[in-house]
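*Asks:*
Residue numbers (the numbering used here): 561 to 673.
1. From what residue to what residue does the alpha helix (DSSP H) around residue 672 run?
2. How would you label residue 664, buried or exposed, when you count the other beta carbons within 10 angstroms and need 16 or more for buried?
3. Per DSSP, what kind of secondary structure is residue 627 in: helix, strand or coil?
4. Excluding the 5 residues preceding and the 5 following residue 668 in the sequence, name in chain order all residues of the same chain whose CB lies nearer than 8 Å to its CB.
5. Grab me the residues of residue 626's own chain with a C-beta within less than 6 Å of its C-beta, minus the 5 sequence neighbours each way, in chain order.
6. Quick one, which of 582, 635 and 620 has its alpha-carbon nearest residue 656's?
7. Rounded to the nearest angstrom, what separates residue 614 and residue 640 at their Cα positions?
Spelled out as C-alpha cells, the structure:
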C-alpha cells in the first residue's frame with residue numbers, strides 16, 4: 561500500500577508549460593479571427609511597377625545595370641540606375657531605360673483597370 565502523502569503527489573496533475581503571449585496586435589487579431597493566414601502587406605504603386613519592371617529586366621543586358629523604382633515623400637517616384645538616382649522617369653538620360661520603365665507603367669495600368 562502506498563502512503564497517502566506519496567499517493568497525493570503521484571495523483572497531482574502537472575500543468576502544461578505556458579506559451580508566452582505575443583504583444584503584436586496583428587498576431588492578436590489573427591488569433592481572434594481564427595485564421596493562420598498572413599495579413600497581406602500594402603505595396604505602393606511604384607513598388608508594384610518596380611516588380612513588373614524587374615520581370616521585364618530579367619535576362620536582358622539592362623538587368624546588370626541595377627535599375628529600380630522607389631518612392632520618396634519629397635520627390636515622388638525615384639528611378640535608380642546603378643548608383644545614380646533620378647527624380648522621375650523623364651529625368652533618366654538613357655532612352656532605352658526610360659522606354660522600359662514606361663512599358664512597365666503601361667503594363668501596371670493594363671492590370672489595374
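All C-beta atoms, glycine included, are put in the ideal place defined by N, C-alpha and C.
This one's a predicted model, so the numbers in the text were calculated from it and none came from an experiment.
*Replies:* Checking against the coordinates, here is how it stands:
1. Unbroken run through residue 672: none, as it is neither H nor E.
2. buried
3. strand
4. 605, 608, 609 and 612
5. 642
6. 620
7. 12 Å
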